[in-house]
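Protein chains in written order, with my numbering: chain F, 367 to 583; chain L, 57 to 180. We treat Cβ as the ideally placed atom computed from N, Cα and C, and that holds for glycine. A short write-up of the structure that comes next.
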Amino acid sequence: MHQVADVEVAKNIMDANKKLADKNKKNLEDKGIFCVDFVGAIGSGKTTLIEEIIDNTDYKIGVLAGDVISKFDAGRIEKHNVPVVGLNTGKECHLDAHLVGHGIEDLPLDDIDVLIIENVGNLICPVDFELGSHLRIVVVSVTEGDDTVEKHPIIFKTSDVVVINKVDLADAVGADADKMVDDAKELNPDIKVIKSSLKEGTGLDEIIDCIDTAMKN
Amino acid sequence: MHELSMAQGIINAVLETAETNNATEVNEVTIEIGRLAMINPEQLEFILGVLIENTIIEDAEIKIENIPVEIECDDCEFHGNAVIDDKDHYAPMVKCPECGSYKIEILNGKDIIVKNIVIEKPDD
Chain F
367 MHQVADVEVA
377 KNIMDANKKL
387 ADKNKKNLED
397 KGIFCVDFVG
407 AIGSGKTTLI
417 EEIIDNTDYK
427 IGVLAGDVIS
437 KFDAGRIEKH
447 NVPVVGLNTG
457 KECHLDAHLV
467 GHGIEDLPLD
477 DIDVLIIENV
487 GNLICPVDFE
497 LGSHLRIVVV
507 SVTEGDDTVE
517 KHPIIFKTSD
527 VVVINKVDLA
537 DAVGADADKM
547 VDDAKELNPD
557 IKVIKSSLKE
567 GTGLDEIIDC
577 IDTAMKN
Chain L
57 MHELSMAQGI
67 INAVLETAET
77 NNATEVNEVT
87 IEIGRLAMIN
97 PEQLEFILGV
107 LIENTIIEDA
117 EIKIENIPVE
127 IECDDCEFHG
137 NAVIDDKDHY
147 APMVKCPECG
157 SYKIEILNGK
167 DIIVKNIVIE
177 KPDD
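Here it is as C-alpha cells:
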C-alpha cells in the first residue's frame, strides 16, 4: 500500500548563487578589496578596457577572466604583469558565484585592492547571476548595432555603468551612438553612460573616475 | 544555455525533498518562474525531460507557473504588476503601467522557485 502526498519544496534555485555571491563579497571586503565586474557583448572591448585600466591607474589590480573554453583573455591580461586567473565556464554562457569563489581563492588577495571580473561575452544570461561585485559595468559597442541596448533591457536595468565603445566606428557601420545613450537612460535613469573609443583614447578617464567614485562611496 | 544548470538545480531540490519524505515516485512538480528570469520555459521543460529519465521523477507532470513582475514606481508610487508585452520583445520591458516611468524598483519576478511536489510513498 502507498499514499499520495503533496509536499512543499519552496526552494529558490537562484538563492544558492546569491548566497555564494554574498560570501564572495564578504571575503573580498574582509581583505579591503573593491570588486568591479564587466559584462558585455562579444567583441565589445571588455578585455581591451581592462588592459587600459591596468595600464592607466595606480590600483593594485587582480583579474578573473572568464571565457567559455579558452584562456586567451587571461593570456592578454597576464602580459600587463598583474595576477590573473582564467575561468572557463565550459558549456555555460555566464560566470556564476561558485566559479568566481574558486577564482578568488587562487588570487594573492593581500596584494590586490581592486578585483576586476570579466564575464563571458553575453548580454542575457549574466543577469541572473550576481558574482559579489560592488560595481557592474556593461560594455557594448556601436558595431553590434544601435538597437543593442533596447533589445537587451534587463542587463542595462541592473548595471551601474554602461560604456558605449568604438564610437569612432559609428559612421562606418551606420550606427547612432546617441540613440544607444538615450535607450540606456530611458531604461535606467540612474545609470551612468559613457561613450568611448579606446582606440582613440576617449572615455577612459571617465570610466576610471566612475570606479574611483564608487570606491569612495 | 543556463537552462541546463537551472534544471539541474531544480532536479536536485526535487530529489532531495522526495528522499526526505521517503517518496517512491514523484507524480507532479510545480515550478514558479519569474517573468524576468532569463529562462525560456519551453527550453527548461525540454532539458528537465532529459534529466529526469531513469529517476523517480521520470513520469512526473511538470507544471510551470509564470510569476508576474511586481514593481514599485519611484515617480507615481504605483505598487503592483508591471505590464509585459511579449510581442515587443522576448525580454520584457519593464515600466510603470500607471505613468510610464522606467524609474521603478523590481520587487518580485526574477526568481525560479520549486514550489511543491506530489509524491507517492509507502503507508506510515
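**Message:** Could you compute how far the alpha carbon of His145(L) sits from the alpha carbon of Asp476(F)?
**Reply:** On the second sequence, residue 145(L) is found 89 positions in, with the first residue counted as 1. On the first sequence, residue 476(F) is found 110 positions in, with the first residue counted as 1. Residue placement at His145(L) is poorly supported in this model, since its pLDDT is 49, which falls under 50; the coordinates are not used for a value here.
**Asked** How big is the Cα-Cα spacing for Met546(F) and Lys523(F)?
**Response** Within the first sequence, residue 546(F) is the residue found at index 180, counting from 1. Within the first sequence, residue 523(F) is the residue found at index 157, counting from 1. Looking at the two C-alpha atoms, the distance is approximately 14 Å.
**Prompt:** Hey, Val493(F) and Asn531(F) are a contact pair by Cβ (cut 8 Å); roughly how many whole angstroms apart?
**Reply:** In the first sequence, residue 493(F) corresponds to position 127, counting from 1. In the first sequence, residue 531(F) corresponds to position 165, counting from 1. Not quite, the Cβ-Cβ distance comes to about 20 Å (not below 8 Å), so this is no contact.
**Message:** Using a Cβ-Cβ distance cut-off of 9 Å, determine whether Lys385(F) contacts chain L.
**Reply:** Residue mapping note: residue 385(F) aligns to position 19 of the first sequence, counting from 1. Judged by the 9 Å Cβ criterion, Lys385(F) is not in contact with chain L.
**Selection of the segment 550-561 of chain F by Cβ proximity to chain L, strictly under 8 Å** = So the close ones are Glu552, Leu553, Asn554, Pro555 and Asp556.
**Cα-Cα separation between Ile168(L) and Thr413(F), rounded to whole angstroms** = As a working mapping, residue 168(L) is identified with position 112 in the second sequence. As a working mapping, residue 413(F) is identified with position 47 in the first sequence. When rounded, the distance between both Cα atoms is 32 Å.
**Message:** Does the structure place the segment 382-392 of chain F close enough to the segment 482-490 of chain F that three or more beta carbon pairs sit under 8 Å?
**Reply:** For the pair of segments examined, the segment 482-490 of chain F was found not to touch the segment 382-392 of chain F: the number of CB pairs separated by less than 8 Å stays below three.
**Message:** I need the boundaries of the beta strand (DSSP E) containing Ser507(F), first residue and last residue.
**Reply:** Position 141 of the first sequence holds residue 507(F). Counting along the chain, the beta strand (DSSP E) containing Ser507(F) begins and ends at Leu501 to Ser507.
**Asked** Are any of the Cβ atoms in chain L nearer than 9 Å to that of Asp548(F)?
**Response** Locating residue 548(F) in the first sequence gives position 182, counting from the first residue. No, its Cβ sits nowhere closer than 9 Å to a Cβ of chain L.
**Request:** Please work out which residues of its chain come closer than 6 Å, Cβ to Cβ, to Gly452(F), disregarding the five sequence neighbours upstream and downstream, and give them in chain order.
**Result:** For the purposes of this step, residue 452(F) is taken as residue 86 along the first sequence, with counting starting at 1. In its chain, beyond the 5 residues on either side, Ala431, Lys437 and Ala440 have a beta carbon closer than 6 Å to the beta carbon of Gly452(F).
**Message:** Cutting at 6 Å between CB atoms, please list the residues of its own chain near Ile557(F), excluding the five before and the five after it.
**Reply:** Position 191 of the first sequence holds residue 557(F). Cβ neighbours of Ile557(F) beyond the five flanking positions: Val528 and Ala550.
**Prompt:** Using a Cβ-Cβ distance under 9 Å, would Ile140(L) count as near chain F?
**Reply:** Locating residue 140(L) in the second sequence gives position 84, counting from the first residue. With 9 Å as the cut-off, Ile140(L) does not count as an interface residue toward chain F.
**Message:** Here's a check: name, in chain order, each residue in its chain whose Cβ is nearer than 7 Å to the Cβ of Val539(F), leaving out the five neighbours to either side.
**Reply:** Here residue 539(F) refers to the residue found at position 173 of the first sequence. Excluding residues within five positions, the ones whose Cβ falls inside 7 Å are Val508 and Thr509.
**Prompt:** Three-state secondary structure (DSSP) at Pro139(L)?
**Reply:** Position 83 of the second sequence, counting from 1, holds the residue named residue 139(L). Note on residue identity: the sequence assigns Val, not Pro, to residue 139(L). In the structure shown, Val139(L) sits in coil (DSSP, three-state: anything other than H, G, I, E or B).
**Request:** Within 10 angstroms of the Cβ of Cys155(L), are there 16 or more other Cβ atoms? Answer buried if so, exposed if not.
**Result:** Here residue 155(L) refers to the residue found at position 99 when the second sequence is read from its first residue. Exposed.
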